[in-house]
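Colleague: In full-length UniProt numbering, the protein residues as written are 1 to 800.
C-beta: ideal position from N, C-alpha, C; glycine also.
Below is one structure. I have some questions about it.
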Ligand SMILES: Nc1ncnc2c1ncn2[C@@H]1O[C@H](COP(=O)(O)OP(=O)(O)OP(=O)(O)O)[C@@H](O)[C@H]1O
Ligand SMILES: [Cu+]
Ligand SMILES: [Mg+2]
């Protein structure tokens, strides 16, 4: 297949209707296999057959619909980077190109992402640029499946190089025994002591294996920057060429061939360990990807046939056998069973499924058998979305990383300066004329000062942490969200659907004496049948229990924050708050307007008016989610302020808040004012997390420092949020904050050790107390220890 995937950023969309239009328009184009347009991110993700259609045609289509394409994104896989100086350099090189909006290079993931103006540039321009900088790059979408594991190839290559390097270095290491008095009794074959043999062995390592360091150093210097390759090349070359000089001038003693060879070998060993450990930091994603079964059972003409999952189409009827993994997102059409959804939500209790329920790809069916109709396949499944979000988060940059990048960018030139000073001080002051002594200290300084651990510190923690969070049903959209969640001090919770289940039931339906109660209930149910609001559903369900057929609604209008207006037959029906009636100049009937008692019980009270007179008062009750109370207590225990934010009446809200253990309530807030409440809290200096599930929460989620959406809620809320809680329960809020705290703590540990290692190591090396090979081992160890520390995040347990 010649399918290509492309992200296209679009401007000018003002609402979800716009994005729908663009989506439809793109989907109808010949050659486009799928298109999704996201209003919140202002992005279209388009898959297309690039033999049938090209990118300019797609852009032209978007423009013809009245919107503008500003920039495109391209993702690269980059290999050959050794430290943060490399990634910083590529980033700089790319962002200086004309037409580039932004460039991001991730050292740990070995990926690059560029936002650019497609009228000026093409993805292949970036590849040539990256190659010119001395690295290898591939456009991500172009990598054939199965080859994705470039990392494994890289590890194998490095391991092989290490073995070769070790084979040539070990004989040289052996000769070291003759240097020290306490090991001089050991046998060392005579020919190994021959300086020409040593020279030969060292040459293989220096130029055969060490070529990669020279190459890296060359490209780095040519681009007027310096990375770890420069340090390694300088250090090992100094030892090597000094020894060559000694041999040529006839000396067979005091050679330093083993120093250069052993250094290169040790650095390689460090790289092997580092590459392996780094490979593990994306384990969580790999695990998720591996969960989807490869085959599905399709029901065709009443016969069950096995087909590859790629052939499943939306609308196909599939059979899910007991114990099987579910292949795609689907709606149950018959059968009942329990399904384990822990891989998506982190919740370990199986969820019961019957007709009408949705099941998700990669979840596991328990005992029953289900017949389902495929609703989302391929890249559209919830699983694919989770993977995409986690990958995006892992590829983004935490603010704290910019600091580390800046430090490592200026590190190398400074270190070279320190090394020169070290040499001069030793050679002219401490041990005048002792070239060898001065040289060893200088080499040790060059090697120990390598900032490779510093560059790995942040991204490896972010990768391991966000992967672990995803396993527990917490999806961070960006590394920035992961870092910033930690600083939250106030949590604002939406009421309906967030603290409560969001599935209210009608408890009271009081009518004016003498009016036909049943008929009014039927009217109310009909009037609400077009509304998406949870209370509307409750009223419709309540009505349908009583009568089988509802009157026809001629006209329907939702009045957000107040209620609805419907036209049934010749009458206009208003249903909603006391204010709604007041706004329409309808006076309340005194016999049924005393709502106080109902509200104190935590019930939501609504008023119904038909043809201008108040005829009924009804109440619905929603119950707390089972975990809400405990969750609020946990948030308090974490030292956070908890506030309930709702459009409901003050008294009702207070009653529910009391049940949940929340002391602050902001009630009767119109949907479009929720964001203002958040902003005013921020103006008081609070760092606010908003938790919500509804469309009306989306602006507040976007304004909040951290927006958290319930995975059970609306897609709009999830798009606006920084974090999605897949499980849809409030315990996830405390978990998210804890996860952020441990991750940031882990990053700080890493940065501390990386910096401490350099700043303690340099003076020790300058003082001549560190043999160069020990410095090499220490450097390798520092990178590996940083990665291993980050991997500890994969075992973080947030609750028992
Ligand atoms: N479809 C409807 N039918 C009747 N009343 C409605 C309807 N929609 C809203 N209302 C009334 O307007 C009030 C405010 O609604 P809004 O959607 O702003 O908040 P909410 O759902 O009560 O609470 P939350 O903000 O916690 O989600 C509701 O409490 C209800 O009394
Ligand atoms: Cu290094
Ligand atoms: Mg709500």
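1. Please say whether residue 526 and residue 568 have beta carbons closer to each other than 8 angstroms?
2. Return helix, strand or coil for residue 123, following the three-state DSSP convention.
3. Check for me: the beta strand (DSSP E) holding residue 101 runs from which residue to which?
4. By the DSSP assignment, the alpha helix (DSSP H) with residue 440 in it spans what residues?
5. Inspect the beta-carbon positions of residue 624 and residue 500 and report whether they are closer than 8 angstroms.
6. Just to confirm the assignment, what range does the beta strand (DSSP E) spanning residue 815 have?
7. If you compare alpha carbons, which of 636, 649 and 773 is closest to residue 730?
8. What does DSSP give as the partner residues of residue 77 in its beta bridges?
9. For residue 347, I'd like the list of residues in its chain whose CB is within less than 6 angstroms of its CB, leaving aside the five on either flank, ordered along the chain.
10. Compute the Euclidean distance between the alpha carbons of residue 370 and residue 376, then round it to the nearest angstrom.
11. Counting only the same chain and skipping the five closest in sequence on each side, list residues whose C-beta sits under 8 angstroms from that of residue 152.
12. Hey, residue 664 and residue 688 are a contact pair by Cβ (cut 8 angstroms); roughly how many whole angstroms apart?
13. Buried or exposed for residue 809, going by 16 or more other Cβ atoms inside 10 Å?
14. So, are the CB atoms of residue 735 and residue 793 less than 8 angstroms apart?
15. In the DSSP assignment, what are the bridge partners of residue 353?
16. Any heavy atom of ligand 1 closer than 7 angstroms to the CB of residue 671?
17. Starting from residue 607, follow its DSSP beta bridges and name the residues at the other end.
18. Please state if the CB of residue 255 and the CB of residue 248 are separated by a distance shorter than 8 angstroms.
19. Ordered along the chain, which non-local residues of its own chain (more than five positions away) have a Cβ less than 6 angstroms from that of residue 446?
20. To the nearest angstrom, how far is it from the Cα of residue 733 to the Cα of residue 783?
21. With 16 other CB atoms within 10 Å as the buried threshold, where does residue 672 fall?
22. Could you check which residue in 237, 456 and 538 has the C-alpha nearest to that of residue 404?
23. Between which two residues does the alpha helix (DSSP H) harbouring residue 462 extend?
24. Between the region 379-387 and the region 327-345, do three or more beta carbon pairs fall short of 8 angstroms?
25. With a floor of 3 residues, list each beta strand (DSSP E) that falls wholly inside the region 629-663, ordered by position along the chain.
26. For residue 772 and residue 214, I'd like the C-alpha separation in whole angstroms.
27. Near residue 147, what residues of its chain come up, given a Cβ to Cβ distance below 8 angstroms and the 5 sequence neighbours on each side ignored?
28. Our contact map puts residue 172 next to residue 200 with C-beta atoms below 8 angstroms; I'd like the distance itself, whole angstroms only.
29. Please list, in chain order, all residues with a C-beta atom less than 6 angstroms from at least one heavy atom of ligand 1.
30. Using C-beta distances below 6 angstroms, list every residue in its chain close to residue 796, excluding the 5 sequence neighbours before and after it, in chain order.
31. Along the chain, where does the alpha helix (DSSP H) containing residue 235 start, and where does it finish?
32. Hey, is residue 462 close to ligand 4, as in C-beta under 7 angstroms from one of its heavy atoms?
33. Using a Cβ-Cβ cutoff of less than 8 angstroms, which residues in the same chain neighbour residue 630 once the five nearest sequence positions on both sides are dropped?
34. Measure the C-alpha to C-alpha separation of residue 747 and residue 497 and round it to an integer number of angstroms.
35. Would DSSP call residue 488 helix, strand or coil?
36. Going by alpha carbons, who is nearest to residue 77 out of 106, 53 and 92?
Modeller: Answer, in terms of the structure:
1. Locating residue 568 in the chain shown gives position 568, counting from the first residue. Locating residue 526 in the chain shown gives position 526, counting from the first residue. Between residue 568 and residue 526, the CB-CB gap stays under 8 angstroms.
2. Residue 123 sits at position 123 when you count from the first residue of the chain shown. If DSSP states are grouped into helix, strand and coil, residue 123 belongs with the helices.
3. Numbered from 1 along the chain shown, position 101 holds the residue referred to as residue 101. Element bounds for residue 101: 100-106.
4. Taking the chain shown and counting its residues from 1, one reaches residue 440 at position 440. DSSP places residue 440 inside the alpha helix (DSSP H), whose first and last residues are 435-448.
5. The count along the chain shown starts at 1 and reaches residue 624 at position 624. The count along the chain shown starts at 1 and reaches residue 500 at position 500. Taking the C-beta atoms as reference points, residue 500 is found nearer than 8 angstroms to residue 624.
6. Outside the modelled stretch of the chain, which goes from 1 to 800, sits residue 815, for which no answer is possible.
7. Here residue 730 corresponds to residue number 730 of the chain shown, with the count starting at 1. Ranking the options by Cα distance to residue 730, first place goes to 636.
8. Within the chain shown, residue 77 is the residue found at index 77, counting from 1. Paired residue(s): 111 and 138.
9. As a working note, residue 347 is residue 347 in the chain shown. Cβ within range, chain order: 727.
10. Within the chain shown, the letter at position 370 stands for residue 370. Within the chain shown, the letter at position 376 stands for residue 376. Distance between the alpha carbons of residue 370 and residue 376 is about 17 angstroms.
11. Taking the first residue of the chain shown as position 1, residue 152 is located at position 152. Cβ-Cβ distances below 8 angstroms link residue 152 to 279 in the same chain, with the five nearest sequence neighbours on each side left out; the list follows chain order.
12. The sequence position of residue 664 within the chain shown is 664, counting from 1. The sequence position of residue 688 within the chain shown is 688, counting from 1. The pair is not a contact, with the Cβ atoms about 12 angstroms apart (cut-off 8 angstroms).
13. For residue 809 there is no data in the structure shown, the boundaries of the chain being 1 and 800.
14. As a first step, residue 735 must be located in the chain shown, where it is residue number 735. As a first step, residue 793 must be located in the chain shown, where it is residue number 793. Taking the C-beta atoms as reference points, residue 793 is found no nearer than 8 angstroms to residue 735.
15. Start at 1 with the first residue of the chain shown, and residue 353 comes out as number 353. BP columns for residue 353 point to 337.
16. Your numbering for residue 671 matches position 671 in the chain shown. In this structure, ligand 1 has a non-hydrogen atom nearer than 7 angstroms to the beta-carbon of residue 671.
17. Against the chain shown, residue 607 aligns to sequence position 607. Looking at the DSSP assignment, residue 607 forms a beta bridge with 576 and 617.
18. Residue mapping note: residue 248 aligns to position 248 of the chain shown, counting from 1. Residue mapping note: residue 255 aligns to position 255 of the chain shown, counting from 1. Contact: no.
19. In the chain shown, counting from the first residue as 1, residue 446 sits at position 446. Contacts found: 231, 234, 235 and 419.
20. Along the chain shown, one-based indexing puts residue 733 at 733. Along the chain shown, one-based indexing puts residue 783 at 783. Rounded to the nearest angstrom, the two C-alpha atoms are 33 angstroms apart.
21. Residue mapping note: residue 672 aligns to position 672 of the chain shown, counting from 1. Exposed: under 16 other Cβ atoms inside 10 Å.
22. By one-based count along the chain shown, residue 404 stands at place 404. Out of 237, 456 and 538, the CA that lies nearest to the CA of residue 404 is found in 456.
23. For the purposes of this step, residue 462 is taken as the residue at position 462 of the chain shown. Residue 462 -> alpha helix (DSSP H) spans 452-471.
24. Verdict: yes, contact present.
25. Secondary structure in the region 629-663: the beta strand (DSSP E) runs of 3 residues or longer, each lying completely within the stretch, are 641-645 in chain order.
26. Against the chain shown, residue 772 aligns to sequence position 772. Against the chain shown, residue 214 aligns to sequence position 214. Cα to Cα, the separation comes out at about 19 angstroms.
27. The residue given as residue 147 occupies position 147 in the chain shown. Annotation note: pLDDT 38 at residue 147 (below 50); position unreliable, coordinate value reported separately. Once the five neighbours on either side are set aside, residue 147 has no close Cβ partner at all.
28. The sequence position of residue 172 within the chain shown is 172, counting from 1. The sequence position of residue 200 within the chain shown is 200, counting from 1. Incorrect: roughly 10 angstroms between the Cβ atoms, too far for contact.
29. The set of residues with any CB-heavy atom separation to ligand 1 below 6 angstroms comprises, in chain order, 494, 495, 496, 528, 531, 533, 535, 536, 561, 562, 563, 564, 575, 576, 577, 604, 606, 646, 647, 648, 671, 694 and 696.
30. Translated into positions along the chain shown, residue 796 becomes position 796. Counting only Cβ-Cβ distances below 6 angstroms, and skipping sequence neighbours, we find 468 and 742.
31. Position 235 of the chain shown holds residue 235. 228-248 is the extent of the alpha helix (DSSP H) around residue 235.
32. This structure simply doesn't include ligand 4; it includes ligand 1, ligand 2 and ligand 3 instead.
33. As a position in the chain shown, residue 630 is number 630, starting the count at 1. Listed in chain order, the non-local C-beta contacts of residue 630 below 8 angstroms within the same chain comprise 731, local neighbours out to five positions each way being set aside.
34. Numbered from its first residue, the chain shown carries residue 747 at position 747. Numbered from its first residue, the chain shown carries residue 497 at position 497. C-alpha separation (whole angstroms): 35 angstroms.
35. Position 488 of the chain shown, counted from the first residue, corresponds to residue 488. Note: residue 488 maps to coil in three-state DSSP.
36. Start at 1 with the first residue of the chain shown, and residue 77 comes out as number 77. Measuring from the Cα of residue 77, the nearest candidate turns out to be 106.
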